[in-house]
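Colleague:
2 protein chains.
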Amino acid sequence: MAKKPAPVPLLQLDNQLCFAVYSTGHAFNRVYKPLLDRLKLTYPQYLAMLVLWEQDNVPVKDIGERLFLDSGTLTPLLKRLEAAGLIKRTRSVEDERQMLIALTAQGQALRERAKAVPQGILAASACTVGEMAAMKNDLVALRDRLNAALGD
Amino acid sequence: MAKKPAPVPLLQLDNQLCFAVYSTGHAFNRVYKPLLDRLKLTYPQYLAMLVLWEQDNVPVKDIGERLFLDSGTLTPLLKRLEAAGLIKRTRSVEDERQMLIALTAQGQALRERAKAVPQGILAASACTVGEMAAMKNDLVALRDRLNAALGD
DNA sequence: CCGATTATAATTGCGCACAATTAGATTGCG
DNA sequence: CGCAATCTAATTGTGCGCAATTATAATCGG
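In the order they appear, the protein sequences are chains A and B. When you number the first sequence by the UniProt record's numbering, it's gap-free, plus one each residue, and the end is 152. When you number the second sequence by the UniProt record's numbering, it's gap-free, plus one each residue, and the end is 152.
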């Protein structure tokens, strides 16, 4: 008779923190989608806009460090935002290697409409602001430890 | 003089739980990469194998429900696992709509080598098992609330 | 000042992720 | 039975995400 493999708790899907993170990320995406469709943004594009609404006219590198993304991801994404008229891409005069990203008037104006988005997310999460902050802090601490482990 | 926009706390990147989830997911991926490269698996492929190691010979739909993925993602992923010799795809005889996914001997054997993976992740996370379980439970609860909000 | 090194983006190629559509099988209702 | 509604996968098209490579600019050491 065929031997059934012994269960290995650490290998079980539902025991894995990484899968909880992975699947929660997808769930967030699905909740964001209808809210962001109204702004004609994808979620990663929305993140780039969040960065620019905090600090305008920054090199691609800075956006990448903030979002943990590289130019392979950001270059086409930013080109799409430029095609949509939300940002302007110009080479820095002081350092011609840098591509500076600046909001257009349209890009700045979108910020007003974006203010409604976090409310919708908060509602769908059905969390208190305190609970969300606690989870966020735990996750950021974990993320930083994971990123630190990469350096070794 | 140009008016600086008033900061909107809920719009700030570092206040957002979703970004913590998103960026932690990427950090996990980067930690998994070298471990999974040895098994010649990507992370989503590893998840599919975890499902199959728990229950063999299941339809694509069941894998999709378990991983929250649809056939648009799974069909090409499973074809690659088949090309790698880890699984076999066959149409169900009882219901010809279903494509049944079964492990090959090679796919079953890979489970032994995969046992080392969670250890590496645990080390990189620098968490106790208890902390990981607590975060996992919080995230799963959040995920379920987000998914429930989609139904409305 | 020149050549090597380093830094910044862009490009290419591959693998997800998902919406929308299509194809074929099954079920259910009159 | 007959046909509509439903179900399961596959397909197509778009947009990430990242490794690897390339191109160009800046910097550094002799």
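Yeah, the Cβ is synthetic: ideal placement off N, Cα and C, and Gly gets one too. Note that this is a predicted model, so its numbers are computed, not measured.
(1) Have a look at Asp144/A and Ala123/A and give me their C-alpha separation to the nearest angstrom.
(2) Thinking C-beta only, is Gln98/A closer than 9 Å to Lys61/A?
(3) Just how far apart, CA to CA, sit Ser71/A and Gly64/A?
(4) Scan the UniProt domain "HTH marR-type" (14–148) of chain B and note each continuous alpha helix (DSSP H) run of 4 residues or more that stays entirely inside, going in chain order.
(5) Assuming Val58/B contacts Leu100/B (C-beta within less than 8 Å), just tell me the rounded distance between them.
(6) Against chain A, with Cβ distances strictly below 9 Å, would Val117/B count as a contact?
(7) State buried or exposed for Thr128/A, treating a residue as buried only when at least 16 other CB atoms are found within 10 Å of its CB.
(8) Can you check whether the C-beta of Asn57/A is within less than 9 Å of a C-beta belonging to chain B?
(9) Of the choices Pro34/A, Arg66/A, Val8/A and Gln55/A, whose alpha-carbon is the least far from that of Ala20/B?
(10) Does the region 108–126 of chain B come close enough to the region 34–51 of chain B to have 3 or more Cβ pairs within less than 8 Å?
(11) Quick check on DSSP: helix, strand or coil for Gly151/A?
(12) Applying a beta-carbon distance threshold of less than 7 Å, which residues of chain B neighbour Leu36/A?
(13) In this structure, how does DSSP classify Pro9/B when only helix, strand and coil are distinguished?
(14) Using the beta-carbon count (16 or more within 10 Å), is Thr75/A buried or exposed?
(15) Would you mind sorting Thr24/B into buried or exposed? The rule is 16 or more other CB atoms within 10 Å of its CB.
(16) What in chain B is Cβ-close to Gly25/A, meaning under 7 Å?
(17) Using beta-carbon positions only, say whether Leu146/B and Phe68/A come within less than 9 Å of one another.
(18) Using the beta-carbon of each residue, which ones in chain B are nearer than 8 Å to Gln12/A?
(19) From the beta carbon of Gln16/A, is the nearest beta carbon of chain B less than 9 Å away?
(20) Let's test the definition: count the other Cβ atoms within 10 Å of the Cβ of Gly107/A and tell me whether it reaches 16, buried, or not, exposed.
(21) Any beta-carbon of chain B closer than 9 Å to the one on Pro76/A?
(22) Residues of chain A with CB closer than 9 Å to the CB of Val60/B, please, in chain order.
(23) Excluding the 5 residues preceding and the 5 following Val51/B in the sequence, name in chain order all residues of the same chain whose CB lies nearer than 6 Å to its CB.
(24) Can you name the residues of chain A whose CB is closer than 8 Å to the CB of Met132/B?
(25) Does the CB of Lys40/A have a neighbour CB from chain B at under 9 Å?
Modeller: So, to answer that:
(1) 28 Å
(2) yes
(3) 7 Å
(4) 17–37, 43–54, 60–67, 71–83, 105–114 and 116–125
(5) 7 Å
(6) yes
(7) exposed
(8) no
(9) Arg66/A
(10) yes
(11) helix
(12) Chain B residues near Leu36/A: none, gap ~11 Å exceeds 7 Å.
(13) helix
(14) exposed
(15) buried
(16) Val21, Tyr22 and Gly25
(17) no
(18) Leu50 and Glu54
(19) yes
(20) buried
(21) no
(22) Those do not exist, as Val60/B stays about 16 Å from chain A at its closest Cβ, beyond 9 Å.
(23) Ile63 and Arg66
(24) Leu17
(25) no
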